[in-house]
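Participant: Taken in order, the sequence shown gives residues 1 to 863; the numbers are from UniProt numbering. Heads up, the beta-carbon is just placed ideally off N, CA and C, and yes, glycines get one too. So that we are looking at the same thing, I have put the structure below in structure tokens.
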Amino acid sequence: MDFGSDFVYLNCGEEQDDLEKVKIREEDDAVLSESDESTDDGETCILDIFDTAGQEEYSALRETYTRGADAFIMVYSVTDRSSFQEAEAMHSWLMRIRTNDLYMMLCGNKIDLTDERVVTQMEGEELAKRLGVPFIETSAKTNHNITELYHQLIRMVPRSGIEYKVVMLGSGGVGKSSITLRFTSDTFLQAYDPTIEDSYRKLIRVTGQPPAAKKNRKLKTTEKKAAQKSWQQSEEKPKKKRKSGIQRLFSSLRRSSKHDVNNYSQQPAAGSLPESEDSEDDVKTKPITRVDYQRKMDGNVVMLELGTLENELNLVTGDPIKCKSCEAVLSATACLEGTEGEKKTWKCEFCGTKNEDLNVEAEEIPKGDCFDFILEPAPQNQEATEEIVKEAKKEISSGVTVYCMDVSSSMDMQCSIPEFQAVWRQERTRGQSANSSVSRLHCIKEAVQRQLEQFHVDQPERHVLLMSFGSEVNVNGGGEATSHANQHFGALERKSFDDFINDGKELARNYHLTPLSNSYTALQEAVKGMHPAGCTALGPALTICAGFISGMPSSEIVLCTDGMPNVGIGSLQCGSVDPSFYQKIGKYAKDNKSVINILAVEGEPVGLPHVSKAAVESGGTVNVLNPLEIVRQLRQIMQNSLVATSTTVLFLLHPEFVFDEPGYPENMNRLSKEIGNVMKDTNLTFRFKLKDPSKSLTLKEVPFQAQISYTRKDGMKCLRIMSKSNKATTNRTEMEKGIKVSVLGIAAVKKTAALAQEGNVKEANRHLKAVKRLAKRGAKSDDQKEEMSAFQDGCLDLDKEIERNIGKWDQAALHEKERRTDLFCKASQLQNAAYLGSSGKKMVAQQRVASEMAIQKYYNYKY
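This is the structure in structure tokens:
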């Protein structure tokens with residue numbers, strides 16, 4: 001249990017202390033953004049260090065960072081000559097894809113491995129001289145030159161603010177992550193998972209930076225030629241008569257009304273010439289604004305990290321002692337009345353009820369913030385699973401992974417390989433790789449094959465089912481069929497939800513899954529054999545899969561699709577037959593302790609506002625991405641594993657407080673929420689407020705309690721009690737000084753997305769802006785500033801989408817609704833570590849380890 005501040009704020013002070021000025025756009029009442037830039041003292045630098053994964057597979061996030069980075073570190077290992085040679089290719093690649101100034105360093109890492117060294121220091125110096133970049137040798141293990149590396153890099157970059165994006169580049173196994181973690185968290189990990197890419201914030205103080213250039217930089221030769229040609233063409237056109245200021249204003253207003261919201265994030269190319277003074281596009285109109293007063297936001301937020309349910313149990317013997325009125329459990333926040341040896345009275349801190357005649361001593365109260373009771377032990381013989389075994393006459397383990405793949409005709413469409421990736425392949429292969437496009441189905445095939453390889457190494461006993469759908473649904477592989485098994489499903493338009501569920505159950509009885517140790521080769525061949533054909537029977541396929549795993553708890557469906565469903569129940573393109581289908585199938589999966597994950601190809605409408613409900617309801621994930629990113633996303637889905645099922649949270653507040661969340665009952669200090677499936681990264685946030693703000697309170701501490709009933713993966717049913725008191729204050733300055741921006745940020749983005757999704761766009765706009773202002777006021781320590789930087793960047797897309805479209809929210813086109821749904825899903829799926837600073841990331845990093853076999857398998861693959 002974590003809080004948005006070290007203090008619960010009792011806003012009982014003078015009213016003017018809780019009000020602040022905000023700038024309102026008259027046109028649509030939107031609260032406008034203030035500058036996110038912090039006061040610059042000339043020395044403070046917040047580094048946003050992007051640690052790239054150890055392979056050259058495509059990542060949109062990597063492309064975004066690389067194109068917008070301020071500086072680069074190219075790392076090679078002194079024990080690996082191929083990584084040294086690849087560093088030069090990376091330099092050439094950067095020179096081709098970046099048109100603006102490049103600041104970079106060459107780093108030879110692992111110099112502690114003296115006996116294994118194959119690249120000399122002189123060779124490194126010679127390469128750096130040839131490339132025209134500084135050179136340094138480091139050891140992440142011994143912390144040699146790590147700090148000097150980053151400080152020397154930043155001293156090269158002209159100072160234009162306090163935030164700098166730094167990208168770590170290098171081939172697999174060179175120690176990029178080790179260097180990053182040593183610098184940001186002063187920790188060293190030998191077997192860090194190479195498949196993970198992440199951003200780390202670190203505040204440092206650097207002197208001696210050059211000032212930012214006041215004039216535009218000189219254009220490169222190629223840019224000069226292009227610019228000269230552009231100017232020559234413009235000179236051949238007849239000159240327009242210069243418009244008056246009023247004429248230009250009305251022209252600008254007409255253009256604004258036709259503006260495509262998809263282009264709001266596009267920036268002019270770096271190094272391009274400014275437009276002429278006569279250009280209409282050079283005219284910008286400022287919105288008409290007014291100043292208003294709004295109540296300041298506070299830090300009254302609590303967050304539960306439900307992924308901790310997989311941790312080792314802190315067991316308490318006996319049964320929980322509960323309040324007879326509100327069912328609060330006796331914990332360390334309680335106070336017993338009565339002398340030693342006598343029966344005690346507990347005045348419940350959550351409802352005030354006196355629970356008398358308790359036969360318990362103070363030392364018998366469970367200690368600590370978190371403890372567990374066993375409600376039912378794990379089945380000794382896994383009775384539920386044995387019933388399935390008996391019925392199907394086979395042996396099967398829980399935790400089946402079902403790949404449900406779209407093979408409709410549109411999957412044969414070619415998608416262009418991004419320039420970012422294409423240029424790198426050319427540099428790495430010295431021009432031998434010239435492919436410019438690849439089919440969507442090819443991308444999905446490669447992704448599934450890579451995931452099967454990883455499972456085969458790490459989890460050879462795992463059961464995997466491969467299914468595909470076009471106009472019909474087919475079972476492609478994963479086991480052995482009996483003579484009664486139907487592996488082909490047609491005539492889909494005439495069947496109901498229950499028909500498809502029964503088809504899935506029948507398939508489970510007659511199609512015997514086998515472990516990957518036996519089915520791996522056949523599955524790989526089945527993936528290769530998939531070919532595109534037909535329409536998109538997404539609903540029937542998803543339902544059959546859900547029926548198949550309905551008796552196999554802790555299973556997951558991974559559905560990949562590229563188009564609008566158009567065959568069978570729940571279809572959308574030809575008119576929705578059952579508009580509630582996707583939420584219904586999601587609930588069915590959740591009730592059967594299974595999860596649905598959806599991967600959709602970007603740029604194509606897939607009915608995401610509807611289809612996404614299947615994943616959201618079941619506790620799964622939704623991702624809209626470039627086909628080349630599916631490899632990475634499948635891996636991330638499996639890293640975010642299922643940790644508990646049948647989960648329900650009962651949260652109790654002090655009687656003077658109530659919940660302040662969209663869709664929650666008003667004036668309630670007791671809330672029961674059904675979660676269902678819990679993944680490793682699942683968290684739950686609650687904002688709360690005083691029931692009566694005008695009432696003067698003298699509370700010194702405020703108690704909180706969460707009761708989480710859940711079923712572990714082994715079938716054991718438990719009750720976890722999270723109980724904690726937080727200090728209270730009426731002093732706003734004290735509360736703001738103690739804010740934890742990472743918690744506030746996650747709660748703010750989730751609430752903002754929920755409000756916007758419900759149509760309360762103005763409230764969503766006000767809420768997010770208020771939390772951003774609170775973070776800026778309160779962030780004083782290094783940790784707080786690091787977290788504020790991460791929060792500001794992380795909520796940028798959602799903030800802009802709402803601010804720009806607040807007045808025309810209900811007029812969104814189909815593609816805009818798809819994009820918004822993607823934004824909302826990303827907000828609801830925010831990981832616990834999303835906005836952590838360097839100290840918080842240390843514990844997260846220590847959990848990201850991988851086996852040596854899996855690491856080598858990953859590094860050995862070449863694209």
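Spatial neighbours of Met-90 within its chain, please: C-beta separation below 7 Å, excluding the five flanking residues on both sides.
Facilitator: Same-chain partners within the cutoff: Met-74, Leu-169.
Participant: Could you tell me the distance, in whole angstroms, from the CA atom of Ala-87 to the CA atom of Leu-628?
Facilitator: Looking at the two C-alpha atoms, the distance is approximately 23 Å.
Participant: Quick test of the definition: if touching needs 3 or more C-beta pairs under 8 Å, does the segment 644-658 touch the segment 679-693?
Facilitator: Taking 8 Å as the limit for Cβ pairs, the verdict is that the segment 679-693 does touch the segment 644-658.
Participant: Could you check if Glu-116 is buried or exposed, using at least 16 other CB atoms within 10 Å of its CB as the buried criterion?
Facilitator: With fewer than 16 other Cβ atoms within 10 Å, it is exposed.
Participant: Indicate the three-state DSSP secondary structure (helix, strand or coil) for Gln-847 in the structure shown.
Facilitator: If DSSP states are grouped into helix, strand and coil, Gln-847 belongs with coil.
Participant: DSSP on Ala-754, reduced to helix/strand/coil?
Facilitator: Reduced to three states, the DSSP call for Ala-754 is helix.
Participant: For the segment 102-166, which segments carrying the beta strand (DSSP E) assignment without a break, of at least 3 residues, lie completely within its bounds, in sequence order?
Facilitator: 104-109, 135-137, all fully within the segment 102-166.
Participant: Comparing the C-beta of Leu-306 with each C-beta of chain B, is any distance below 8 Å?
Facilitator: Included in the structure is just one protein chain, with no chain B present.
Participant: Decide if the segment 610-618 is in contact with the segment 661-668; the criterion is three or more beta carbon pairs, one per stretch, under 8 Å apart.
Facilitator: The segment 610-618 is not in contact with the segment 661-668.
Participant: For the segment 715-796, list the alpha helix (DSSP H) runs that are entirely contained and at least 4 residues long, ordered along the chain.
Facilitator: Those alpha helix (DSSP H) runs which fall completely within the segment 715-796 and span 4+ residues are 732-737, 741-757, 761-778, 782-794.
Participant: Between which two residues does the alpha helix (DSSP H) carrying Glu-419 extend?
Facilitator: Residues 419-428.
Participant: Return the residue from the list Met-156, Ala-728, Phe-183 that minimises the CA-CA distance to Asp-70.
Facilitator: That would be Met-156, whose Cα lies nearest to the Cα of Asp-70.
Participant: Below 8 Å on the Cβ atoms is my contact criterion, and I expect Leu-652 with Gly-607 to pass it. Report the Cβ-Cβ distance as a whole number of Å.
Facilitator: Actually they do not touch by this definition, with Cβ atoms about 39 Å apart.
Participant: If you compare alpha carbons, which of Lys-343, Lys-826, Gly-586 is closest to Asp-681?
Facilitator: Closest by alpha carbon: Lys-826.
Participant: Of the residues Leu-181, Leu-47, Pro-320, Phe-420, which one's Cα is nearest the Cα of Ile-204?
Facilitator: Of Leu-181, Leu-47, Pro-320, Phe-420, the residue nearest in Cα terms is Leu-47.
Participant: Taking the beta carbon of Ile-288 as the centre, do at least 16 other beta carbons fall within 10 Å, making it buried, or is it exposed?
Facilitator: It counts as exposed.
Participant: Given a threshold of 16 other Cβ atoms within 10 Å of its Cβ, counted over all protein chains shown, does Glu-736 qualify as buried or as exposed?
Facilitator: Buried, by the Cβ-count rule.
Participant: Once you ignore the five residues that flank Gln-459 on each side, which residues in its own chain have a CB closer than 8 Å to its CB?
Facilitator: For Gln-459, where only same-chain residues beyond five positions count, the Cβ hits under 8 Å are Leu-516.
Participant: Can you check which of these residues, Phe-72, Lys-129, Trp-93, is closest to Gln-152 by C-alpha distance?
Facilitator: Comparing Cα positions, the closest option is Phe-72.
Participant: Express the C-alpha separation of Gln-757 and Gln-846 in angstroms, rounding to a whole number.
Facilitator: For Gln-846 and Gln-757, the distance between alpha carbons rounds to 36 Å.
Participant: Beta carbon of Gly-299, beta carbon of Leu-744: below 8 Å?
Facilitator: Result yes, Cβ atoms of Gly-299 and Leu-744 sit closer than 8 Å.
Participant: At the level of alpha carbons, what is the spacing between Trp-346 and Ala-362?
Facilitator: The straight-line gap from Cα to Cα measures roughly 11 Å.
Participant: Can you tell me where the alpha helix (DSSP H) with Arg-205 in it begins and where it stops?
Facilitator: Where Arg-205 is concerned, there is no enclosing alpha helix (DSSP H), although the beta strand (DSSP E) it sits in stretches over 198-205.
Participant: Sort out for me which residues DSSP pairs Arg-290 with in a bridge.
Facilitator: Partner(s): Ile-24.
Participant: Let's see if you can read the secondary structure: which residues bound the beta strand (DSSP E) around Gln-414?
Facilitator: Gln-414 -> beta strand (DSSP E) spans 414-416.
Participant: Is the beta carbon of Met-668 less than 8 Å from the beta carbon of Val-302?
Facilitator: Not closer than 8 Å, so no.
Participant: For Tyr-65, which beta-bridge partners are listed by DSSP?
Facilitator: Its beta-bridge partners do not exist; DSSP assigns none.
Participant: Taking Val-473 as the reference, give the member of His-484, Val-407, Ile-49, Ala-328 with the closest Cα.
Facilitator: Nearest C-alpha to Val-473: Val-407.
Participant: Could you compute how far the alpha carbon of Arg-290 sits from the alpha carbon of Val-761?
Facilitator: Looking at the two C-alpha atoms, the distance is approximately 19 Å.
Participant: Just to confirm the assignment, what range does the alpha helix (DSSP H) spanning Lys-584 have?
Facilitator: Taken as a continuous stretch (DSSP letters only), the alpha helix (DSSP H) holding Lys-584 covers 581-591.
Participant: Could you work out which residue in Ser-82, Trp-93, Gly-42, Thr-44 is closest to Thr-66 when comparing CA atoms only?
Facilitator: The residue with the shortest Cα to Cα distance from Thr-66 is Trp-93.
Participant: Do Tyr-710 and Ser-646 come within 8 Å of each other at the CB atom, strictly closer than that value?
Facilitator: Closer than 8 Å, so yes.
Participant: What residue from Asp-101, Ile-544, Lys-344, Arg-182 has the CA that sits closest to Lys-841's CA?
Facilitator: Cα-wise, what sits closest to Lys-841 is Arg-182.
Participant: Specify the secondary structure class of Cys-443 as computed by DSSP and reduced to three states.
Facilitator: In this structure, Cys-443 counts as helix in the three-state DSSP scheme.
Participant: For Gln-190, list the residues DSSP reports as bridge partners.
Facilitator: The partner list for Gln-190 (beta bridge, DSSP) is empty, contrary to what the question assumes.
Participant: What is the rounded straight-line gap between the Cα of Ile-637 and the Cα of Glu-786?
Facilitator: Ile-637 and Glu-786: Cα-Cα distance of roughly 27 Å.
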